[in-house]
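Engineer: Below is the structure I would like to discuss, written out as structure tokens.
There are 2 protein chains.
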Amino acid sequence: MDGADNTLSRADLEGLSAAEVRQVIRDGRWTGTSKRHALGREQANIVILREEYALDFMRFCQRNPKPLFLIEATDTGNPEPKMSAPGADIRTDVPAYRVYRDGKAVEDLTDIRHLWRDDHVAFLTGCNLSVDQVMIEAEIPLPHLISEPVWPSQYVSNIACQPAGIFNGPQVVSMRPIPKDLLVKVIELTSRFPRSHGGPLHVGDPAAIGIDDLDNVTWGKPNLVGRGQVPAFWACGITAQAVACEIGIPEMITHKPGHMFVTDLAVVDPVR
Amino acid sequence: MDGADNTLSRADLEGLSAAEVRQVIRDGRWTGTSKRHALGREQANIVILREEYALDFMRFCQRNPKPLFLIEATDTGNPEPKMSAPGADIRTDVPAYRVYRDGKAVEDLTDIRHLWRDDHVAFLTGCNLSVDQVMIEAEIPLPHLISEPVWPSQYVSNIACQPAGIFNGPQVVSMRPIPKDLLVKVIELTSRFPRSHGGPLHVGDPAAIGIDDLDNVTWGKPNLVGRGQVPAFWACGITAQAVACEIGIPEMITHKPGHMFVTDLAVVDPVR
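Residue numbers (the numbering used here), protein chains in the order written: chain A, 1 to 272; chain B, 1001 to 1272.
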């Protein structure tokens, strides 16, 4: 029960509304991962940048919607994502943050009010955890939904992003082992949710996308690909953090991987 | 045959590739509307702004995807939409342009190279003409597909856009009369194409969205709503031009309504 207040379990947070989950987090009562939080609500990766980088980063998201589908960009200096989570505060409502300076992760925090600036813009991008409820309803046996300590495995692939301004780098992918007889169904299902990375980028051969050793994860935890299973790789929102490292951007504040922001958007709402 | 070179008919342009259509336009051989051009390819509304307005306009598009689904934003100063139409030149490849200054339409042109600046950003947003091929294949009898001089009727509605920075104003809608027994099918079909405005904003009662007189169009041409038909209203990309007028922006260069830019994107390609 990573980072949980001893009065709260992950099961407690499954059934809460998104606003209730955010309040629990704002109150400092949950600093763990957001797996299964407010099931059925869109979870988001967070990237906070100074406005001078905002137009290029927005073009970068627009050109790379598989890893970085843009759910919202806040008004400059305003920490409220008023479209997707009215009333929320992006500086306090994420379970944990990671601060990058000059392309290096320098600090993990649970509150960033002291770092917020009048020229900051917060970007919310899609996250695969959003479709967990869909996977549960469709009875897809994803390991991270079945076993508490398990987590999707995340790797830096050799698939390049489409650059925009200074933003350039490799796509990060998340791997889930899928039973072969469910593979088409999983591709069909995830393809319906382009906001949450859509269908996989690649299926089958890790080496084909530059991953030599599935045990050597960059984020998350290794997952065993068992007999009769195939590794499937989806684009991942941590791509923004890999890019921050690649280009050595002076400052980028993000969520800590796995510790997402929960929006009010229903995952089943159409993209529009 | 509005604006056609006498050696070319609209039927000639239906079967051309998007790149071929753009070359015909660049050569000055077609200055008419883009109806049925390169059928099956995504057509785009164009908005060109100085970079100082680009971040706010991009947030405006992101918050209003029904009228302004963002297909691409070019690099600042670069007139090539390299994601959706590599090799194209946004300054010459649109059949006709409209220039707004201080919120007023001041000039229509067929080439804007002399107006292009190093700090210009071009935005391409979705257009309903893109789904004409879908409608033809599905045998939906849309008047503008059946009769050459007919055009969808366009109105300023009382539905407000979500504001972003200085950008604020009403949504423009386009009306098509739909046979009642095909209405659900048309809604289902258009809902599959969120890049091209998706499903309608409203069906049935023009007055409910602020339209008192269907004969009084702002753009396009009046369409008769016959017996057994219902007026259906889709969000329209001309919204950007209505907003330019509303806020009196110093400069906005757009396509002339109905005279769209044809991208290489297949309309049936998934949004991703």
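We treat Cβ as the ideally placed atom computed from N, Cα and C, and that holds for glycine. Bear in mind that the values here come from a model prediction, so they are computed numbers and not experimental data.
#1: What residues from chain A crowd round Met1252 of chain B, counting only those whose CB sits closer than 9 Å?
#2: At what residues does the beta strand (DSSP E) containing Ala232 of chain A begin and finish?
#3: Starting from the Cα of Phe69 of chain A, find the closest Cα among A:Leu201, A:Gly40, A:Thr125 and A:Pro177 and give me that residue.
#4: Residues of the region 173–197 of chain A with a CB closer than 8 Å to any CB of chain B: list them in chain order, please.
#5: Does Leu1008 of chain B have its Cβ less than 7 Å from a Cβ in chain A?
#6: Bridge partners of Lys104 of chain A, per DSSP?
#7: Taking the DSSP output, what are the residues bridged to Glu1072 of chain B?
#8: On the criterion of 16 or more Cβ atoms from any shown chain inside 10 Å, does Leu1055 of chain B qualify as buried, or is it exposed?
#9: Mind reading off the beta-carbon distance from Arg1041 of chain B to Asp1264 of chain B? Whole number of angstroms is fine, and I expect it under 8 Å.
#10: Which residues does DSSP pair with Pro170 of chain A in a beta bridge?
#11: Drop a sphere of 10 angstroms on the beta-carbon of Met1001 of chain B, count the other beta-carbons inside from all chains shown, and report buried for 16 or more, exposed for fewer.
#12: Using a Cβ cut-off of 9 Å, pull out every chain B residue sitting near Arg117 of chain A, in sequence order please.
#13: If you follow the alpha helix (DSSP H) that Glu1188 of chain B is in, where does it begin and where does it stop?
#14: From Ser1157 of chain B to Asn1168 of chain B, what does the alpha carbon distance come to, in whole angstroms?
#15: Quick one, which of A:Pro206, A:His259, A:Thr254 and A:Val268 has its alpha-carbon nearest Leu49 of chain A's?
#16: Tell me whether Ile1209 of chain B counts as near the ligand ADP, meaning its Cβ is closer than 6 Å to at least one heavy atom of that ligand.
#17: Where DSSP assigns a beta bridge to Ala956 of chain B, which residues make up the other side?
#18: Got a sec? Which residues, its chain only, sit under 7 Å from Gly1198 of chain B by beta carbon, not counting five neighbours each side?
#19: Measuring CB to CB, does Asp108 of chain A end up less than 7 Å from Ala122 of chain A?
#20: Since Arg63 of chain A meets chain B, which of its residues come closer than 7 Å, beta carbon to beta carbon?
#21: Just list the beta strand (DSSP E) runs in the region 1051–1096 of chain B, keeping only unbroken ones of 3 residues or longer that don't cross its boundaries, in chain order.
#22: For Trp234 of chain A and Ser174 of chain A, which I take to be in contact (beta-carbon distance under 8 Å), what is that distance rounded to the nearest angstrom?
#23: For Arg59 of chain A, which residues in chain B fall below 7 Å Cβ to Cβ?
#24: Note down, in chain order, each residue of its chain lying with its Cβ closer than 7 Å to the Cβ of Arg1063 of chain B, except the 5 sequence neighbours on either side.
#25: Just the C-alpha distance for Phe1193 of chain B and Leu8 of chain A, rounded to the nearest angstrom, thanks.
#26: Would Ser1017 of chain B be called buried (16 or more neighbouring beta carbons within 10 Å of its own) or exposed?
#27: Is Gly220 of chain A near Asn45 of chain A, with beta carbons less than 7 Å apart?
#28: Enumerate in chain order the residues of its own chain whose CB-to-CB distance from Pro1206 of chain B is below 7 Å, with the five nearest sequence positions on each side excluded.
#29: Quick check on Leu70 of chain A - is its C-beta less than 7 Å from some C-beta in chain B?
#30: Does any CB atom of chain A fall closer than 7 Å to the CB of Ala1054 of chain B?
#31: Return the first residue and the last residue of the alpha helix (DSSP H) that Thr1239 of chain B is part of.
#32: On the DSSP letters alone, give me the boundaries of the beta strand (DSSP E) that His1255 of chain B sits inside.
#33: Alpha carbon to alpha carbon, what distance is there between Asp1093 of chain B and Arg1195 of chain B?
Structural biologist: Inspection of the coordinates gives the following:
#1: Going along chain A, no residue has its Cβ under 9 Å from Met1252 of chain B, so there is no contact; the nearest lies around 17 Å.
#2: Gln229 to Ala235
#3: A:Thr125
#4: Ser191 and Pro194
#5: no
#6: A:Arg101
#7: B:Leu1124
#8: buried
#9: 7 Å
#10: A:Ala160
#11: Its pLDDT being 44, under 50, Met1001 of chain B is placed unreliably in this model, and the coordinates cannot settle the point.
#12: In chain order: nothing, as chain B lies at least about 16 Å away.
#13: Leu1183 to Ser1191
#14: 13 Å
#15: A:Thr254
#16: The ligand ADP is absent from the structure shown, which contains no ligand whatsoever.
#17: Because chain B is modelled from 1001 through 1272, residue 956 of chain B falls outside the range shown and cannot be assessed.
#18: Lys1066, Thr1190 and Ser1191
#19: no
#20: Met1083
#21: 1070–1073
#22: 5 Å
#23: Ala1073
#24: Gln1162 and Ala1164
#25: 42 Å
#26: exposed
#27: no
#28: Leu1214 and Pro1231
#29: yes
#30: yes
#31: Thr1239 to Ile1247
#32: Glu1251 to His1255
#33: 21 Å
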